[in-house]
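K.L.:
Here this note's numbering runs 6 ahead of the position in the sequence shown, where the first position is 1. Think of the CB as a built atom: it goes at the ideal place given N, C-alpha and C, for glycine as much as any other residue.
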Amino acid sequence: MHKYEAVIGLEVHAQLKTQSKLLASDGTNFDALPNQNVSPITLGHPGTLPKMNKEAIALAIKMGLVCASEISTNNYFARKNYFYADLPKGYQISQHTTPICIGGKIHIHTSAGERDIKLTRIHLEEDAGKSIHDQDDELTFLDYNRAGMPLIEIVSEPDMHTAEEAAAYLTQIRKLVRWIGICDGNMEEGSLRCDANISVRLKGSSKLGTRVEVKNLNSIKHLKHAVEIEIERLCSLIDTGHTILQETRSYDADAGITFSIRTKEDAEDYRYFPEPDLAPFKFTQTYIQELKDQLPLLPEECFKKYVEAYGLSTYDAEQLTEDKSLSELFEKIAIITTYKKQWANTLLGPVRAFLNADGRSWENIRVSNDHWVSFLSLVGEGKISFSQASQKLLPLMLSDASSDPMELVKKLDLIQDAGEEQIQQWVNQVIASMPDKVAEYKKGKKGLIGLFVGEVKKVSKGKADPKVSTQLLESILNEK
Ligand code: ADP
Ligand code: MG
């Protein structure tokens, strides 16, 4: 296999989060009953006319902006003609020669490092309905709710070379569309779908090999696996002297295989022509700038800020920018507390664990800014230990947003307020009870200090400030 290089290009369809469809005022809710969101326009009745949804255009432009694409200011739609039962008009309204966004890139991180994957285009189009074959042995059911839903198709250049890169690319797209709020990124519900084009060629060759296209991969895991097995299959076909046919394949997740659904000897002829029922449309640079101004700080920009301005580790910054709501919550308090590192630890440790256990998400957190700031001051100033704060305070604060951490620490008697004399007594007690460890320490095993501090914390029931205990312990233990 190492003789060959794989080449991968992905086509990703993202359903835009608009109130109504691309060309009609029908609703877009996923939980609608079958054929509930179907007006005569969606059903393609004679005499009906489509009307462009301005919001869909805005969302498509936003995606182009975050991908550094060129935004095309002169646009028209095209008719892509083909017959299918789930396409009631007999054609799909799409963009052919004038995609709304041209070029661009998606930045990915893999075990091999970071790089940009080049985009060819992002264009707008309407979705088809859904043919349902698995509810009856003889009949196919048709649900037209999806017909006319607004999609963008994000087409990459044949610019990826491993399954890991393909997975990282799709992961990044999902993160971006969610981050800027243009698509919910839900792959199980089909709001984000992916087709993978894969070919292999001899290493060093610049000519592309014949590709196969694996359709409708509905999770990142499936994409990764399908690309892996397809690369292997293509390599062994070439090794055994076979010619690769350009074909469309499907992935069977249960069997873990791909199988051919049709060969594509010639490109299909869709008889594209400019859509006569929709006027071409133009927009200005001012409009593009307005949309740019609405964009939030992007994950990469937040990452940079957290590392450079807040002094967090790249590991913490990476985690905090996984999710937009998490990042917003972090930022909201980070700008008003000096204890930024403790704040990151609080969110990524105990708060995340609490949410996971409860199956809740970051948006569900209702704790007020004041309460967070008090909480962090208690921890940051050493009035209460981080473990006490996480185990005793946080669950109460997160379950009941009215709980004031200042009152809670008093009520639960959690303040590390023991005086130095009191702590000295605990220190003496601990040293006396551990002669073996003390001897080891004196022989040079300085790492044992943590154990002694922990013991003092235990006997003091959390009332001894570990900084003070450490000092007192060291002054006795380091005596000659
Ligand atoms: P279609 O819509 O007919 O599938 P396109 O020519 O628009 O075709 O290509 C779709 C995708 O296939 C693009 O992402 C492109 O990068 C990728 N692609 C094209 N040729 C190859 C190839 N030889 N190997 C891998 N990917 C390819
Ligand atoms: Mg294709």
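For L93 versus E131, is the C-beta spacing smaller than 7 Å?
P.N.:
Numbered from its first residue, the sequence shown carries residue 93 at position 87. Numbered from its first residue, the sequence shown carries residue 131 at position 125. Not in contact: L93 and E131 (Cβ atoms no closer than 7 Å).
K.L.:
For my contact list, N203 and I14 are in at a C-beta cut-off of 8 Å; report their separation, rounded to the angstrom.
P.N.:
What you label residue 203 is simply residue 197 of the sequence shown in a count that begins at 1. What you label residue 14 is simply residue 8 of the sequence shown in a count that begins at 1. With a Cβ gap of about 7 Å, N203 and I14 count as contacting.
K.L.:
In this structure, does DSSP put Y357 in helix, strand or coil?
P.N.:
Numbered from its first residue, the sequence shown carries residue 357 at position 351. With the sequence shown as reference, residue 357 is identified as Val, and Tyr is not the correct amino acid for it. The answer is helix: DSSP assigns V357 an H, G or I state.
K.L.:
Classify M166 as helix, strand or coil using the three-state DSSP reduction.
P.N.:
Translated into the one-based positions of the sequence shown, residue 166 becomes position 160. Strand, per DSSP.
K.L.:
Using a Cβ-based criterion (distance less than 6 Å to any ligand heavy atom), does G15 qualify as near the ligand ADP?
P.N.:
Locating residue 15 in the sequence shown gives position 9, where the first residue counts as 1. Checking the Cβ of G15 against the ligand ADP gives yes.
K.L.:
Roughly how many angstroms separate the alpha carbons of T327 and G53, rounded to a whole number?
P.N.:
On the sequence shown, position 321 is the one that residue 327 refers to. On the sequence shown, position 47 is the one that residue 53 refers to. Their backbone Cα atoms lie some 49 Å apart in a straight line.
K.L.:
In chain order, which beta strand (DSSP E) runs of at least 3 residues are fully inside the stretch 258-343?
P.N.:
DSSP runs (the beta strand (DSSP E)) wholly in the stretch 258-343: 263-269.
K.L.:
Quick one: give me the first and last residue of the beta strand (DSSP E) that A20 is part of.
P.N.:
One-based indexing of the sequence shown puts residue 20 at position 14. Segment 10-21, the beta strand (DSSP E) holding A20.
K.L.:
The ligand ADP and N203: does any heavy atom of the ligand fall closer than 6 Å to the residue's C-beta?
P.N.:
As a working mapping, residue 203 is identified with position 197 in the sequence shown. Answer for N203: yes, Cβ within range of the ligand ADP.
K.L.:
Starting from F147, trace the beta strand (DSSP E) both ways and give me its first and last residue.
P.N.:
In the sequence shown, the residue the question calls residue 147 occupies position 141. Looking at the DSSP string, the run of the beta strand (DSSP E) that includes F147 is 147-149.
K.L.:
Below 8 Å CB to CB, which residues in the same chain sit around D258 once its five sequence neighbours on both sides are set aside?
P.N.:
Within the sequence shown, the letter at position 252 stands for residue 258. Hits under 8 Å: T264, F265.
K.L.:
Quick check: the Cα distance between Y150 and R85, rounded to an integer number of angstroms?
P.N.:
Stepping through the sequence shown from its first residue, residue 150 is reached at position 144. Stepping through the sequence shown from its first residue, residue 85 is reached at position 79. Whole-angstrom Cα-Cα distance: 19 Å.
K.L.:
Should A424 and S466 be called a contact, given that it needs their Cβ atoms to be closer than 7 Å?
P.N.:
Stepping through the sequence shown from its first residue, residue 424 is reached at position 418. Stepping through the sequence shown from its first residue, residue 466 is reached at position 460. Yes, Cβ-Cβ distance for A424 and S466 is below 7 Å.
K.L.:
Take R5 and list the residues in its own chain whose beta-carbon comes closer than 6 Å to its own, dropping the five residues that flank it on each side.
P.N.:
Any answer about residue 5 is impossible in this case: the structure gives the chain only from 7 up to 486.
K.L.:
Kindly indicate the opening and closing residues of the alpha helix (DSSP H) around V233.
P.N.:
As a working note, residue 233 is residue 227 in the sequence shown. Taken as a continuous stretch (DSSP letters only), the alpha helix (DSSP H) holding V233 covers 226-245.
K.L.:
In three-state DSSP terms, what is L130?
P.N.:
The residue given as residue 130 occupies position 124 in the sequence shown. Of the three classes helix, strand and coil, the one that applies to L130 here is strand, per DSSP.
K.L.:
I'd like to know whether the C-beta atoms of H129 and I106 end up nearer to each other than 7 Å.
P.N.:
The count along the sequence shown starts at 1 and reaches residue 129 at position 123. The count along the sequence shown starts at 1 and reaches residue 106 at position 100. Yes. Within cutoff.
K.L.:
Are there any heavy atoms of the ligand ADP lying less than 6 Å away from the beta-carbon of L214, as far as the coordinates show?
P.N.:
Counting from 1 along the sequence shown, the entry for residue 214 is found at position 208. True, at least one ligand heavy atom lies under 6 Å from that Cβ.
K.L.:
According to DSSP, what are the bridge partners of C107?
P.N.:
Walking along the sequence shown from the start, residue 107 turns up at place 101. DSSP lists I77, I128 as partners of C107.
K.L.:
May I ask you to report which of helix, strand or coil DSSP gives S409?
P.N.:
By one-based count along the sequence shown, residue 409 stands at place 403. In this structure, S409 counts as coil in the three-state DSSP scheme.
K.L.:
Can you confirm whether the stretch 403-419 touches the stretch 428-442 when touching is taken to mean that 3 or more C-beta pairs between the two stretches lie within less than 8 Å?
P.N.:
With a cut-off of 8 Å, the stretch 403-419 and the stretch 428-442 do not count as touching, because too few Cβ pairs lie within range.
K.L.:
For V220, report the span of its alpha helix (DSSP H) as first-last.
P.N.:
Reading the sequence shown from its first residue, position 214 is the one you call residue 220. That residue, V220, is in no alpha helix (DSSP H); its beta strand (DSSP E) goes 218-223.
K.L.:
Any heavy atom of the ligand ADP closer than 6 Å to the beta-carbon of E163?
P.N.:
Mapped onto the sequence shown, residue 163 falls at position 157. Yes - the ligand ADP has a heavy atom lying nearer than 6 Å to the Cβ of E163.
K.L.:
Measure the alpha-carbon distance for M166 versus V313 and round it to whole angstroms.
P.N.:
By one-based count along the sequence shown, residue 166 stands at place 160. By one-based count along the sequence shown, residue 313 stands at place 307. About 29 Å.
K.L.:
Nearest by alpha-carbon distance to E76: which of Q295, K23, W349, T320 is it?
P.N.:
Numbered from its first residue, the sequence shown carries residue 76 at position 70. If we check each option's Cα against that of E76, Q295 comes out closest.
K.L.:
Identify, in the order they occur along the chain, each residue of the same chain with its Cβ nearer than 6 Å to the Cβ of S333, setting aside the five sequence neighbours on each side.
P.N.:
What you label residue 333 is simply residue 327 of the sequence shown in a count that begins at 1. Taken in chain order, the residues that qualify are C308, L326, T327.
K.L.:
At which residues does the alpha helix (DSSP H) containing V462 begin and terminate?
P.N.:
By one-based count along the sequence shown, residue 462 stands at place 456. Looking at the DSSP string, the run of the alpha helix (DSSP H) that includes V462 is 455-465.
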